[in-house]
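Asks:
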Amino acid sequence: MREDSDKCSRCGAQIIWDSKSLTVECEYCGKKNLFYNNFLKIQAINLIQNKVRRKYLLGSIICFSFLLFFVVSRNNARGPIVSGMRIINKQEPDNYGIKESTIRQEKIRGEYGRYISFIGRSKNRYEGTVAENFWGGYSTIPGGTEVGMFKYMLDCEDKTFDRKGDKINAAALIMKGWSDVSNDLTASYASEYYCPRITRFKKKIDLK
Ligand SMILES: [Zn+2]
Numbered sequence: 016m017r018e019d020s021d022k023c024s025r026c027g028a029q030i031i032w033d034s035k036s037l038t039v040e041c042e043y044c045g046k047k048n049l050f051y052n053n054f055l056k057i058q059a060i061n062l063i064q065n066k067v068r069r070k071y072l073l074g075s076i077i078c079f080s081f082l083l084f085f086v087v088s089r090n091n092a093r094g095p096i097v098s099g100m101r102i103i104n105k106q107e108p109d110n111y112g113i114k115e116s117t118i119r120q121e122k123i124r125g126e127y128g129r130y131i132s133f134i135g136r137s138k139n140r141y142e143g144t145v146a147e148n149f150w151g152g153y154s155t156i157p158g159g160t161e162v163g164m165f166k167y168m169l170d171c172e173d174k175t176f177d178r179k180g181d182k183i184n185a186a187a188l189i190m191k192g193w194s195d196v197s198n199d200l201t202a203s204y205a206s207e208y209y210c211p212r213i214t215r216f217k218k219k220i221d222l223k
């Protein structure tokens with residue numbers, strides 16, 4: 016192939032190639048001079064650059080997707096399930112948990128969709144108390160904190176819960192009633208995580 020020249024092949028005048036056209040007309044004699052080799056070279060360079068650019072673009076898209084996935088999965092990271100119990104607190108994995116297989120929609124006042132029940136583990140702080148003892152005297156039973164499994168009933172609308180078996184005091188004669196989910200880590204987790212998904216859970220069939 017003839018080497019591209021910067022001089023007109025007919026009159027010898029200088030030709031300035033615009034570095035994109037295949038032919039350039041001579042300003043003096045009008046002869047169309049071919050810049051075939053240069054043209055091909057430029058096309059080849061562009062092609063390679065585009066390929067590199069495409070590679071970079073693809074690379075950045077993949078990197079970005081991984082980053083996004085990482086961030087999203089970290090935000091949505093839930094604790095592991097240990098012997099059937101969803102761990103809901105990293106700091107105290109042994110004190111808080113929810114048995115997800117026990118979550119049920121409860122029918123209250125003839126309707127489903129507002130209440131859920133489940134077995135959960137949580138801490139219960141109870142007060143000390145004075146009780147009459149066997150010999151007719153009085154003895155003090157100290158207060159404390161117990162970690163136990165409770166049967167929860169949760170009102171997804173009011174964001175309140177009731178735990179069966181959470182004693183108010185050491186005598187364990189009175190149980191606590193309904194209280195705001197913010198008072199209990201297990202209840203607040205359930206309210207935040209399971210209430211928006213309430214329809215996914217089985218309905219508890221009442222046998223009455
Ligand atoms: Zn010319």
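Per this note's numbering, the very first residue in the sequence shown carries number 16; after that it's consecutive.
Ideal Cβ placement from N, Cα and C applies to all residues, glycine included.
Assess, as a yes-or-no matter, whether the segment 187-205 is touched by the segment 134-153 under the definition of 3 or more beta carbon pairs within less than 8 Å.
Replies: Yes, since at least three Cβ pairs between the segment 134-153 and the segment 187-205 fall closer than 8 Å, the two stretches touch.
Asks: So is K22 buried or exposed if we call it buried at 16+ other beta carbons inside 10 Å?
Replies: Within the sequence shown, the letter at position 7 stands for residue 22. K22 should be labelled exposed.
Asks: Skipping 5 residues on each side, what residues in its chain have a beta carbon closer than 7 Å to that of D33?
Replies: Locating residue 33 in the sequence shown gives position 18, where the first residue counts as 1. Around D33: V39.
Asks: Taking the runs of the beta strand (DSSP E) that are 3 residues or longer, which of them lie wholly in the segment 130-209?
Replies: The segment 130-209 contains these whole beta strand (DSSP E) runs: 144-147, 153-156, 159-170 and 175-179.
Asks: Using the three-state DSSP reduction, which class does G74 fall into: helix, strand or coil?
Replies: What you label residue 74 is simply residue 59 of the sequence shown in a count that begins at 1. Note: G74 maps to helix in three-state DSSP.
Asks: Can you give the Cα-Cα distance for P95 and I103, rounded to whole angstroms?
Replies: Translated into positions along the sequence shown, residue 95 becomes position 80. Translated into positions along the sequence shown, residue 103 becomes position 88. Each residue's Cα considered, the two are about 8 Å apart.
Asks: Indicate, with yes or no, if ligand 1 has a heavy atom lying under 6 Å from the CB of K47.
Replies: The sequence position of residue 47 within the sequence shown is 32, counting from 1. Outside the cutoff, so no.
Asks: Mind checking whether K56 and R25 have CB atoms under 7 Å apart?
Replies: Position 41 of the sequence shown holds residue 56. Position 10 of the sequence shown holds residue 25. No; because the gap between Cβ atoms is not below 7 Å, this pair is not in contact.
Asks: Could you tell me whether the Cβ atoms of G99 and I113 are closer together than 7 Å?
Replies: The residue you call residue 99 lines up with position 84 of the sequence shown. The residue you call residue 113 lines up with position 98 of the sequence shown. In this structure, I113 does not lie closer than 7 Å to G99 by Cβ.
Asks: For Y130, count neighbouring Cβ atoms within 10 angstroms of its own Cβ and tell me buried if that reaches 16, exposed if not.
Replies: The residue labelled residue 130 in the question sits at position 115 within the sequence shown. Buried.
Asks: What's the C-alpha gap between S194 and Y204?
Replies: Looking up residue 194 in the sequence shown gives position 179. Looking up residue 204 in the sequence shown gives position 189. Taking the straight line from one Cα to the other gives about 14 Å.
Asks: Within 6 Å: the Cβ of Y71 and any heavy atom of ligand 1?
Replies: For the purposes of this step, residue 71 is taken as the residue at position 56 of the sequence shown. Y71: no, Cβ never under 6 Å from ligand 1.
Asks: Under the DSSP definition of a beta bridge, which residues are partnered with I123?
Replies: Counted from its first residue, the sequence shown places residue 123 at position 108. Paired residue(s): E126.
Asks: Going by DSSP in three states, K217 sits in which element: helix, strand or coil?
Replies: Within the sequence shown, residue 217 is the residue found at index 202, counting from 1. The answer is strand: DSSP assigns K217 an E or B state.
Asks: Which one of F133, S154, W150 and F149 has the shortest CA to CA distance from G143?
Replies: Along the sequence shown, read from residue 1 onward, the residue named residue 143 stands at position 128. If we check each option's Cα against that of G143, S154 comes out closest.
Asks: Mind checking which residues open and close the beta strand (DSSP E) that includes L49?
Replies: Position 34 of the sequence shown, counting from 1, holds the residue named residue 49. Run containing L49: K47 to L49, per the beta strand (DSSP E) assignment.
Asks: Whole angstroms is fine: what's the gap from R124's alpha carbon to P157's?
Replies: Position 109 of the sequence shown holds residue 124. Position 142 of the sequence shown holds residue 157. Going from the Cα of R124 to the Cα of P157 covers about 39 Å.
Asks: Would E126 be called buried (16 or more neighbouring beta carbons within 10 Å of its own) or exposed?
Replies: Taking the sequence shown and counting its residues from 1, the one referred to as residue 126 is at position 111. Result: exposed.
Asks: By Cβ distance below 6 Å, which residues in the same chain neighbour C210 in space, the five residues on each side in sequence not counted?
Replies: As a working mapping, residue 210 is identified with position 195 in the sequence shown. Taken in chain order, the residues that qualify are C171.
Asks: Quick one: residues in its chain with C-beta nearer than 6 Å to the C-beta of L49, no 5 flanking neighbours on either side, listed in chain order?
Replies: Against the sequence shown, residue 49 aligns to sequence position 34. Result list for L49: T38, in chain order.
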